[in-house]
Amino acid sequence: MTEKKGTYYITTPIYYPSSNLHIGHTYCTVMADAMARFKRLSGYDVRFLTGTDEHGQKIQTIAEEKGVSPQEYVDGVVAGIKELWKTMEISYDDFIRTTEDRHVKRVQAIFNKMYEKGDIYKGEYEGLYCTPCESFWTGSQLVDGCCPDCGRPVQKAKEEAYFFKLSKYQDKLIDLLENTNFLEPETRRNEMLGFIRQGLDDLCISRSTFDWGIQVPIDEKHVIYVWLDALSNYITALGYPDDPELFEKYWPADVHLVGKEIVRFHSIIWPAMLMSLDLPVPKQVLGHGWLLLEGGKMSKSKGNVVDPVKLIDRYGIDALKYFLLREYTFGQDGVFTNEVMLKRMNYDLANDLGNLVSRTASMIEKYCGGVVPESNTEDDIDKDLKAIATGAASKVEAQMDKFAFNMALEEIWILVRRANKYIDEKAPWILAKDEAKKPELDTCLHNLAESLRIISILIHPFMHTTSEKIRKQMGLWYADVVWEDAFTFDMMYQEQVKKGEAIFPRLDIEKELEELDAMQKAGAEPEEENIPLELKAEIEYDDFDKIDFRVGLIEKAEKHPKADKLLVFQIKMGTERRQIISGVAEDFKPEDMVGKKVIIVANLKPRKLRGLESKGMIMFAENGERCEIVTTIAEDGVVVD
Ligand code: MSP
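Its first residue numbered 29, the sequence shown is counted upward by one per residue in the numbering used here.
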């Protein structure tokens, strides 16, 4: 039995259940799973947490579009995510959903504690607001100056909100990042330090423009900002603050694995929240890179989302996990291509490992009646193989300490390739022809079986099913996988070997590439067409510049007494009041228009429409079949340009 080495708490980000997860999302979870399995095997008491981040405006909007409640919507997507993790045999100990009662009540308790500490205060949030989306954005989030969700213009706006005194923790955060290895890799640490040194503003931690969130416990009009809600999951899942058992055992976390774009939240907001709660900060936040596609980021409309389930159905869980862990370097972005994946599967798995297993098993069957022979001799080649085999585990440990999954696997493959070369060097089929060479033949096959025993232990955290298949073929089905056994040679004694099916079939890469392409095209949603609209003739900028746009408030709206298609509006523009008539009676009810702030072409020559004067024009815009009113939340009288 492996001696217990202490606790190890590892987490993944909690995923947004806005749609099904793709291979990029599974990358982080596969790494966390391999680390959790590795630590368990090497003697730690591991807790592995994952889950879903279910609140926020975006989810609410998607649910509304689908005509279901946000809860119904997330329940469906979360069921799919859990199914995916089951398919991928992810060994999490707990799955937290931010809509669960245990989380909701604990987040409220956390808010109260921070409030009582004096770290939360009520203030006014001023930002750029998109009215149709009811969302606030920061300048850097805008796309071409417009709302990143709907592409429409945003306006400056204010709302009452609660703030967290993030600025108070600025110096402590600098100290944390400068003087510990809390955040890695170093490039991310420097990036974050630069950001903090520019000066931290207090953080707005409540919203009142939508309600799909956890209610602020002291003010029912507000919900708690999703990131405060989401980050708390790492401790609410351990029972904080009301159920201390797991919390006391596993907190602080050993590592939060996160993608590079959310490092900022984990290395600034999260430690500051913990400091406010007088709790220790996690030992480490590790930021990993992204899996990209040749055409850029994965997107459904481009038809290039890689669905992990389809790959698993075709190549198996272990082949996919191996590829993700072997191909990419932690911390860096990497490009996913089917070709690179298929080559890895063929060369490393089918050729290197698969061949080693099948050659060893068939030779032990053929030359030794299926029983692992004893070793009687030793030359330099044997010594070399043994040294590499017994030295691999500590090299794997060293690489895993650095989260260098690819290098850990490379260390194992150095042994796999050495063992294959050993077969070629020893040429057992020649030894078998000479009775006098029987002791050498036995040694050779014994050493190969031993090497495979060690390999089966080393690969267990990354590919446990393959490990078990190898152990079954080597007659080791009865023995527990024990990490320490990977450091010792000569543990096998007369095991019954039985050759099984190839552990990884050889793939016809050309054929696979064609089929994968066809599958991915079939699964793609058609690209949205880009057909230019039919518009009136172009105008010069000078013509446009003559227009004086103003913001007006509709104070009164009624039907024109003499024309069914016209509405008569009384408008207030700053200090001036005037009448404007528009031909929109078929599109809008007068009572719905009162109180709206609209944009007005204020310097249009007045004219009479069926006996009534109209001075200026209210802006409406064509939107397909419908006519839309152009509204604003700016004060009336404001000049718009
Ligand atoms: N809900 C937040 C996390 C809150 S944690 C307290 C979130 N969710 S997410 O679903 O958008 O992203 C979850 C993780 O998936 C992030 O770490 C992100 O980097 C990762 N990935 C999403 N696409 C990815 C790739 N293409 N490649 C690698 N990781 C990717 O952010």
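Beta carbons: idealized from backbone N, C-alpha and C, even for Gly.
Checking the 7 Å criterion, the Cβ of Ile-582 is out of range of every heavy atom belonging to the ligand MSP. For Phe-490, the closest of Asp-61, Ser-47, Ile-38 and His-53 by C-alpha to C-alpha distance is Asp-61. In the displayed model, Leu-211 falls within a strand according to three-state DSSP.
Rounded to whole angstroms, the Cβ separation of Gly-623 and Asp-664 is 11 Å, and the two are not in contact under 8 Å.
The C-alpha of Asp-257 lies about 14 Å from the C-alpha of Ala-300. The alpha-carbon separation between Val-105 and Met-220 amounts to approximately 33 Å. Counting only runs of at least 3 residues, the stretch 328-415 fully encloses the following beta strand (DSSP E) elements, listed from N- to C-terminal order: 362-364.
One alpha carbon belongs to Lys-114, the other to Thr-127, and they sit about 21 Å apart. Relative to the ligand MSP, even the nearest heavy atom lies 7 Å or more away from the CB of Met-520. According to the DSSP assignment, Tyr-43 belongs to no alpha helix (DSSP H) but to the beta strand (DSSP E) extending over 35-43.
Only residues of its own chain outside the window of five on either side were considered, and among them Gly-108 have a CB closer than 6 Å to the CB of Asn-48, listed in chain order.
One thing to note: Ile-87 has its Cβ within 8 Å of the Cβ of Tyr-101. A straight line joining the alpha-carbon of Glu-402 with that of Cys-396 spans about 10 Å. By the neighbour-count criterion, in which a residue is buried when 16 or more other Cβ atoms sit within 10 angstroms of its Cβ, Lys-454 is buried.
About 4 Å separates the Cβ atoms of Leu-266 and Leu-274, confirming a contact at the 8 Å cut-off. Sixteen is the threshold: when 16 or more other Cβ atoms of the shown chains lie within 10 Å of the Cβ of Trp-441, as they do, the residue is buried. Taking C-beta atoms under 8 Å as the contact rule, Glu-468 and Thr-405 qualify, at a distance of about 5 Å. For Arg-446, the enclosing alpha helix (DSSP H) stretches over residues 433-454.
Set against 7 Å, the gap from the CB of Trp-318 to the closest heavy atom of the ligand MSP is smaller. The stretch 117-137 makes no contact with the stretch 357-370: fewer than 3 CB pairs, one atom from each, lie closer than 8 Å. Between the alpha carbons of Lys-349 and Lys-414 lies a gap of roughly 28 Å. Collapsing the DSSP output to three states places Met-326 in coil.
Out of Ser-46, Tyr-43 and Arg-68, the CA that lies nearest to the CA of Tyr-37 is found in Arg-68.
In this structure, Met-326 has its beta carbon less than 7 Å from a heavy atom of the ligand MSP. In the structure shown, the three-state DSSP call for Glu-463 is helix. Following the DSSP letters along the chain, one finds Cys-158 inside the beta strand (DSSP E) bounded by residues 148-158. If you ignore the 5 residues before and after Lys-584, its C-beta comes within less than 6 Å of the C-beta of Gln-598, all in its own chain and listed in chain order. Taking 8 Å as the cut-off, the Cβ atoms of Thr-78 and Tyr-120 count as close. Burial of Tyr-153 is indicated by the presence of at least 16 other C-beta atoms within 10 angstroms of its C-beta.
DSSP places Tyr-55 in the helix class (H, G or I) of the three-state scheme. The beta carbon of Glu-219 sits no closer than 7 Å to any heavy atom of the ligand MSP.
Pairing Asp-410 with Val-444, the inter-Cα distance amounts to about 14 Å. Annotated three-state conformation of Thr-78 is strand, per DSSP. Secondary structure of Met-601 (DSSP, three-state): strand. Annotated as proximal: Ile-609 and Val-596, with beta-carbon spacing under 8 Å.
Under DSSP, Trp-165 shares a beta bridge with Leu-156.
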